[in-house]
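Protein chains: 2
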Amino acid sequence: MANKIIPVIMSGGSGTRLWPLSIPTAPKQFHALATPNTMIQETALRLVGNDYLAPVAICGTGHCNLVNEQLAAINKTPRLVILEPFGRNTAAVAAMAALSGREIDPEALVLLVPADHVITKPDAFHAAVVTASETARTRIVTFGIKAAHPETGFGYIERGEPLSDGIFAIKKFWEKPNLETAQRYVQGGQHDWNAGIFLFSPQVMLEELSLYAPEVLAACKDAYDKAGRDGAIIHLDEEAFGQVPSISIDYAVMENTSRSAVVPCDIGWADVGGFAELWRLGEKDAHANHVTGEAILIDAENCLVHNSGPVVSIIGLSDIMVISTPSGILVAPIARAQDVKLAAEAAKQRKGR
Amino acid sequence: MANKIIPVIMSGGSGTRLWPLSIPTAPKQFHALATPNTMIQETALRLVGNDYLAPVAICGTGHCNLVNEQLAAINKTPRLVILEPFGRNTAAVAAMAALSGREIDPEALVLLVPADHVITKPDAFHAAVVTASETARTRIVTFGIKAAHPETGFGYIERGEPLSDGIFAIKKFWEKPNLETAQRYVQGGQHDWNAGIFLFSPQVMLEELSLYAPEVLAACKDAYDKAGRDGAIIHLDEEAFGQVPSISIDYAVMENTSRSAVVPCDIGWADVGGFAELWRLGEKDAHANHVTGEAILIDAENCLVHNSGPVVSIIGLSDIMVISTPSGILVAPIARAQDVKLAAEAAKQRKGR
């Protein structure tokens, strides 16, 4: 492809649904989940080829060292690391991606990708980026994941008119549906999962932000211009960044602009939102157990073990997960994965005592 | 009472039924199980009063430091520590108890007690010792625990003729019975659990050993006489000790001698043979969970947590145990407690790889 691409890796979030693996000081993107490298490393490693420039990372101040260390360890030292003093949602992230992209190379495209997604078919992903790249000179292109099942935990993108081969205008963004609606989406074949991945020209994103989210853009520009610089590290100005409205890029721009497009694709995408997904995605042994780390399993079936501590032994239990890290040990049915946040909150309060 | 008593604490055994709490380098007697102190400390601490001299400990060579440290920590520094280079069953232990007792004070009585038993009514135990002490000048006295239920895991002692108030000759020792027989024992009221606790004069024990187990006594004397001495520490001679037949004191002497007696007593005795007993004995919260160490329990009932590591969280599970130590993490239904040895063996093999 003729376009240079700057990968901008969004490494925000510090979810509680993967406690005690994901903890505020080291959320899930910094862990190896069912892969040899950590999620942020996998994210950087799948963007290979002459088209891709060195990545930009956007993360919380407290994760600066982790980002630098983990990316340097795989020879993907970031061109810039933009430190948010606190989270301000994805419109601010998209603005920072556009501002830093313009600084690095205003002619390049920005590929904005979350650090904590799984993509098992990187070649298909790369092909989708190629498909999107010409359109991305004039539109903000999203990637629509072929809905494998009627998932109610994701937003959906409804395709509009075809723009060119494999790329469509967007008819509408849909919020997380109920099951009945999700089933209709899957049957209809016009709705794809919204993966939150974007390809755009910095100039187009800045124009659309100025039209639909001018307060976000103004405050982000201010925080970026006043930022402290330390080599590749950009410390966004805290006071200015505090003025940024907290709003998602979907809600602020994508649902309003007509300069959008979607590339439907099948890239083996997954959002490891909880341990149920981790078990579902992971390789299994003959008894459908997915094990990372040292484990002794006796009469155990359909279990998930993620262990970075002393050997874990499960005897005579099915459908449970045992997560052992230096931060804690979680034991629960996989079916209760959505309640892990309760334990995470209790652990946080306990620590604060 | 008029008799001086030398407590001799048997600290052998390295059971696998409490893995990963009990491990070969630190078996259960060196852990605090449902008590503030370790089991060997509790054992020493319950023998208080002017009648009791400083204890003797008999243990494996590898446990010498643990024994010394744990007893010194509670101001019960042992008078002697007899180190067995390997286990040779309880007849050898009784012989060593008699030999060391004779060395310390031939007029004193020896109270031979396992280091890993629970006795929740120490006053009742002390009263039973007082009851036994005069008879113990001429007979080997055992303590018969009132059978609280038809336990099939213990041996039983059948009472014979009364010798004096609260003390009986022994009609017969019975091996571990089947359930039907155990039920008959409990109903009959003449059979008590054999707790493996003995009070005797060194001279009487040596005489009975010479009559019924002369090979044991001869080899033990040889190993004791040739032992290396280092202050209070007695390193039994390995070659001589290797000649000791491995036989229990019950089988070698008690089932044969007529110079025996039993004091039936109700002393809150328990042998923490596995995690099921630990859960049964432990204090429970409102949901019948017994917890040692840091834990977050959400929708958890009838669970056992023994945790010396990072906080353990259980969500939505009942009747399970989670044991977390630096040696391993065990997760299993309490009802599978008897299978813990399988995990212990697997862990041992894994370590040996």
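Residue numbers (our numbering), protein chains in the order written: chain A, 33 to 385; chain B, 33 to 385.
C-beta atoms are modelled at their ideal positions from N, C-alpha and C, and glycine is treated no differently.
Next item on the list: Spell out the partners DSSP gives Tyr188/A in its beta bridges.
Entry: Within the first sequence, numbered from 1, the residue matching residue 188/A stands at position 156. Partner(s): Trp206/A, Trp225/A.
Next item on the list: Measure how close the beta-carbons of Ile229/A and Phe186/A come, nearest whole angstrom, since I'm counting them as under 8 Å.
Entry: Walking along the first sequence from the start, residue 229/A turns up at place 197. Walking along the first sequence from the start, residue 186/A turns up at place 154. That belief does not hold up - the Cβ atoms of Ile229/A and Phe186/A are roughly 13 Å apart, past 8 Å.
Margin query: For the structure I just gave you, are there three or more beta carbon pairs, one from the region 286-297 of chain A and one from the region 246-253 of chain A, closer than 8 Å?
Written below: no
Notebook entry, point to check: Is Ser43/B helix, strand or coil by DSSP?
Noted result: Translated into positions along the second sequence, residue 43/B becomes position 11. Strand at Ser43/B.
Checklist line | Contact with chain A by Ala255/B, beta-carbon distance below 7 Å | finding: One-based indexing of the second sequence puts residue 255/B at position 223. No, Ala255/B does not count as interfacial toward chain A.
Next item on the list: Starting from the beta carbon of Ser359/B, find every residue of chain A whose beta carbon is closer than 9 Å, and list them in chain order.
Entry: In the second sequence, the residue the question calls residue 359/B occupies position 327. In chain order: Pro342, Val343.
Note to self: Less than 6 Å between C-beta atoms, sequence neighbours within five positions excluded: which residues of the same chain meet that for His158/A?
What the structure shows: One-based indexing of the first sequence puts residue 158/A at position 126. Result list for His158/A: empty, nothing under 6 Å.
Note to self: So for Leu85/A, helix, strand or coil by DSSP?
What the structure shows: In the first sequence, counting from the first residue as 1, residue 85/A sits at position 53. Coil at Leu85/A, not helix or strand.
Check: Helix or strand or just coil, what does DSSP make of Arg382/A?
Finding: As a first step, residue 382/A is located in the first sequence; it is residue number 350 there, counting from the start. In this structure, Arg382/A counts as helix in the three-state DSSP scheme.
Notebook entry, point to check: Identify the residues that DSSP records as bridge partners of Gly92/B: which are they?
Noted result: Position 60 of the second sequence, counted from the start, is the residue given in the question as residue 92/B. According to DSSP, Gly92/B bridges with Glu116/B.
Next item on the list: Kindly indicate which three-state DSSP category Ala250/A falls into: helix, strand or coil?
Entry: Taking the first sequence and counting its residues from 1, one reaches residue 250/A at position 218. Three-state DSSP puts Ala250/A in a helix.
Notebook entry, point to check: Span of the beta strand (DSSP E) holding Met353/A?
Noted result: In the first sequence, residue 353/A corresponds to position 321, counting from 1. That run of the beta strand (DSSP E) goes 352-357.
Margin query: For a minimum of 4 consecutive residues, which ranges assigned as the alpha helix (DSSP H) are wholly contained in the region 116-162 of chain B?
Written below: 121-136
Checklist line | CB contact below 7 Å: Val337/B versus chain A | finding: Taking the second sequence and counting its residues from 1, one reaches residue 337/B at position 305. Output row for Val337/B: interface = no.
Next item on the list: Go ahead and pull the three-state DSSP assignment for Val344/A.
Entry: Your numbering for residue 344/A matches position 312 in the first sequence. If DSSP states are grouped into helix, strand and coil, Val344/A belongs with the strands.
Check: Based on Cα-Cα distance, which residue from Pro117/B, Lys178/B, Pro87/B, Val150/B lies nearest to Asp137/B?
Finding: For the purposes of this step, residue 137/B is taken as residue 105 along the second sequence, with counting starting at 1. Answer by Cα proximity: Pro87/B.
Check: Whose Cβ in chain A lies nearer than 9 Å to the Cβ of Gly348/B?
Finding: Within the second sequence, the letter at position 316 stands for residue 348/B. Per Cβ cutoff of 9 Å: Ala364, Pro365, Ala367, Arg368, Asp371.
Item checked: Interface residues of chain A facing Ser356/B [CB-CB closer than 7 Å] -> Here the question's residue 356/B lines up with position 324 in the second sequence. What Ser356/B touches in chain A: Ile361.
Checklist line | Nearest neighbour of Pro154/B, chosen from Val80/B, Gly306/B, Pro68/B, Gly220/B [CA to CA] | finding: The residue labelled residue 154/B in the question sits at position 122 within the second sequence. Answer by Cα proximity: Val80/B.
Next item on the list: Leaving aside the five residues before and after Gly92/B along the sequence, list all residues of the same chain whose C-beta is less than 6 Å from its C-beta, in chain order.
Entry: Taking the second sequence and counting its residues from 1, the one referred to as residue 92/B is at position 60. The residues are Glu116.
Next item on the list: In the DSSP assignment, find the unbroken beta strand (DSSP E) run with Ser292/A in it and report its ends.
Entry: Counting from one through the first sequence, the residue named residue 292/A turns up at place 260. Looking at the DSSP string, the run of the beta strand (DSSP E) that includes Ser292/A is 292-297.
Note to self: Quick check on DSSP: helix, strand or coil for Gly314/A?
What the structure shows: Start at 1 with the first residue of the first sequence, and residue 314/A comes out as number 282. Note: Gly314/A maps to coil in three-state DSSP.
Checklist line | Simplified DSSP state of Asp197/B, which is helix, strand or coil | finding: Indexing the second sequence from 1 puts residue 197/B at position 165. DSSP places Asp197/B in coil when its eight states are reduced to three.
Checklist line | Distance, Pro56/B Cα to Arg78/A Cα | finding: Residue 78/A sits at position 46 when you count from the first residue of the first sequence. Residue 56/B sits at position 24 when you count from the first residue of the second sequence. Going from the Cα of Arg78/A to the Cα of Pro56/B covers about 47 Å.
Notebook entry, point to check: Tell me the DSSP bridge mates of Gly260/B?
Noted result: Here the question's residue 260/B lines up with position 228 in the second sequence. Bridge partners of Gly260/B: His267/B.
Check: Counting Cβ pairs closer than 8 Å, one from the region 209-221 of chain B and one from the region 90-107 of chain B, do we hit at least three?
Finding: no
Notebook entry, point to check: Does Ile27/A come within less than 7 Å of chain B when only Cβ atoms are used?
Noted result: Look at the range of chain A in this structure, 33 to 385, and you will see that residue 27/A is not part of it.
Next item on the list: Drop a sphere of 10 angstroms on the beta-carbon of Glu377/A, count the other beta-carbons inside from all chains shown, and report buried for 16 or more, exposed for fewer.
Entry: Here residue 377/A refers to the residue found at position 345 when the first sequence is read from its first residue. So Glu377/A ends up on the exposed side.
Note to self: Using C-beta distances below 7 Å, list every residue in its chain close to Thr357/B, excluding the 5 sequence neighbours before and after it, in chain order.
What the structure shows: Indexing the second sequence from 1 puts residue 357/B at position 325. For Thr357/B, where only same-chain residues beyond five positions count, the Cβ hits under 7 Å are Pro52, Leu53, Ser340, Gly341.
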